[in-house]
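J.: Okay, handing you the structure first.
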Amino acid sequence: MKKNAIILYGRGDWTREAPKQKEMYVSCYAFFYRLLNEAGFNVYRASFQWFDEKKNVFSNAWLWENNSWKRAYDIKPNVVYDKMQQRMEAHYFKEKLARVYPLLNDPEFTVIANNKLYVSMLFPEFFKPYLRVTSEDELKKVAGKMKSKLVVMKEAVGSGGEQVSILLKAKAAKMKISGPILAQEFIDSSKGIKGVAEGVHDLRMVFVGDELIYSYVRQPKKGSLLANLAQGGSMFIVEKKDLPKSLNPIIKRVQKTFASYPVKIYTIDVMFDEKQKPWIIELNTMPGMYFSPDQEKWMKKMYSALVKVFEKASI
Numbered sequence: 002m003k004k005n006a007i008i009l010y011g012r013g014d015w016t017r018e019a020p021k022q023k024e025m026y027v028s029c030y031a032f033f034y035r036l037l038n039e040a041g042f043n044v045y046r047a048s049f050q051w052f053d054e055k056k057n058v059f060s061n062a063w064l065w066e067n068n069s070w071k072r073a074y075d076i077k078p079n080v081v082y083d084k085m086q087q088r089m090e091a092h093y094f095k096e097k098l099a100r101v102y103p104l105l106n107d108p109e110f111t112v113i114a115n116n117k118l119y120v121s122m123l124f125p126e127f128f129k130p131y132l133r134v135t136s137e138d139e140l141k142k143v144a145g146k147m148k149s150k151l152v153v154m155k156e157a158v159g160s161g162g163e164q165v166s167i168l169l170k171a172k173a174a175k176m177k178i179s180g181p182i183l184a185q186e187f188i189d190s191s192k193g194i195k196g197v198a199e200g201v202h203d204l205r206m207v208f209v210g211d212e213l214i215y216s217y218v219r220q221p222k223k224g225s226l227l228a229n230l231a232q233g234g235s236m237f238i239v240e241k242k243d244l245p246k247s248l249n250p251i252i253k254r255v256q257k258t259f260a261s262y263p264v265k266i267y268t269i270d271v272m273f274d275e276k277q278k279p280w281i282i283e284l285n286t287m288p289g290m291y292f293s294p295d296q297e298k299w300m301k302k303m304y305s306a307l308v309k310v311f312e313k314a315s316i
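Here the sequence shown is numbered in this note's numbering, starting from 2 and rising by one per residue.
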């Protein structure tokens with residue numbers, strides 16, 4: 002008898018003919034779903050809004066079958082994969098769901114790892130400090146004390162380069178803010194990564210459990226300092242053997258700190274400064290699922306590792 006794996010998303014519209022997906026992701030997800038099917042899982046997509054807490058079932062869900070989506074009802078999962086954006090209402094729901102069904106990742110790990118301020122406090126030796134400011138006066142004082150000519154402004158929680166600004170100190174000091182925001186010294190990564198990449202960059206390492214599955218360098222489009230793919234950046238895979246050994250202390254420290262969460266999926270994003278010192282930028286518990294056609298080798302490796310985690314976690 003097959004088990005049920007549910008990919009959990011945020012708000013959903015059950016009146017649609019099929020769940021909304023970005024076209025570029027369709028073939029990648031289809032490959033992942035096929036691997037799950039072959040491993041003995043039915044694959045569903047569902048909104049957290051569709052969970053019936055009285056019956057402990059998803060009253061509505063989309064079933065992936067024969068390369069298309071079909072409506073399904075009253076689905077009891079054996080494992081749930083969290084792909085929701087991090088919001089308070091979502092966290093409250095996930096805490097309750099995790100008491101009933103296996104949830105990847107543990108919601109506690111998700112809250113800690115996705116918060117830039119929290120992780121910077123956990124690993125201060127590997128971070129340029131994030132400074133939390135709540136007013137224009139605080140921001141002016143903080144910006145004035147920074148050594149770099151540029152200041153990075155960002156939300157504590159967020160990914161894809163959203164809500165990130167890189168400003169000259171004078172402009173940052175005049176920035177209007179309406180709530181808590183993080184300020185950080187700019188890391189000059191223009192010297193690249195010796196033997197790996199030239200120019201402005203960041204390096205993402207993707208882990209399933211404690212296994213490094215693959216790594217890639219992201220570089221910004223011309224005229225930008227944001228390397229995120231969602232902001233128009235480009236990427237290329239970096240073989241494990243080519244990664245600088247200076248990353249090893251970071252990897253070991255992060256793994257040791259989160260050892261109490263053995264089943265986890267996450268990334269460590271770093272930049273190398275002008276002296277080739279790596280700095281953590283953030284962690285991310287929801288790495289993107291897109292792979293270009295020439296990255297099939299890495300897609301298979303990543304998705305196969307995910308399937309093993311589903312098998313291990315499922316009830």
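Note that beta-carbon positions come from the ideal geometry of N, C-alpha and C, so glycine has one too.
These numbers were taken from a predicted model, which means no experiment stands behind them.
Given that a residue counts as buried once 16 or more other Cβ atoms are within 10 Å of its Cβ, and exposed if not, what is residue 190?
T.: buried
J.: Looking only at DSSP bridge pairs, what is residue 52 linked to?
T.: 59
J.: Let me make sure I understand the geometry here. Which of 250, 214, 218 has the alpha-carbon closest to that of residue 302?
T.: Checked all of 250, 214, 218; the closest Cα to residue 302 is 214.
J.: For residue 221, does the three-state DSSP call read helix, strand or coil?
T.: coil
J.: How is the beta strand (DSSP E) around residue 268 delimited, first residue to last?
T.: 266–273
J.: Could you tell me which of 40, 126, 268 sits nearest to residue 115, measuring between CA atoms?
T.: 268
J.: Give the DSSP-derived three-state secondary structure of residue 199 in the structure shown.
T.: coil
J.: Between the beta-carbon of residue 305 and the beta-carbon of residue 103, is there less than 8 Å?
T.: Taking 8 Å as the cut-off, the beta carbon of residue 305 is found no closer than this to the beta carbon of residue 103.
J.: According to DSSP, is residue 244 part of a helix, a strand, or is it coil?
T.: coil
J.: Is the beta carbon of residue 134 less than 8 Å from the beta carbon of residue 182?
T.: A contact, by the Cβ cut-off of 8 Å.
J.: Among 42, 145, 84, 220, whose alpha-carbon lies nearest the alpha-carbon of residue 324?
T.: Residue 324 lies beyond the stretch modelled for the chain, which goes from 2 to 316, so this question has no answer here.
J.: In whole angstroms, give me the CA-to-CA distance for residue 68 and residue 31.
T.: 7 Å
J.: According to DSSP, is residue 279 helix, strand or coil?
T.: strand
J.: Ends of the beta strand (DSSP E) at residue 186?
T.: 182–186
J.: Would the region 204–222 count as touching the region 259–273 if we require 3 or more Cβ pairs under 8 Å?
T.: Flag = yes, the region 204–222 and the region 259–273 touch.
J.: Quick check for students: name the residue ranges of the alpha helix (DSSP H) that lie wholly in the region 79–167, counting only runs of 4 or more.
T.: 89–98, 108–114, 117–123, 137–146
J.: Would you mind sorting residue 81 into buried or exposed? The rule is 16 or more other CB atoms within 10 Å of its CB.
T.: Counting Cβ neighbours within 10 Å, residue 81 comes out buried, since at least 16 surround it.
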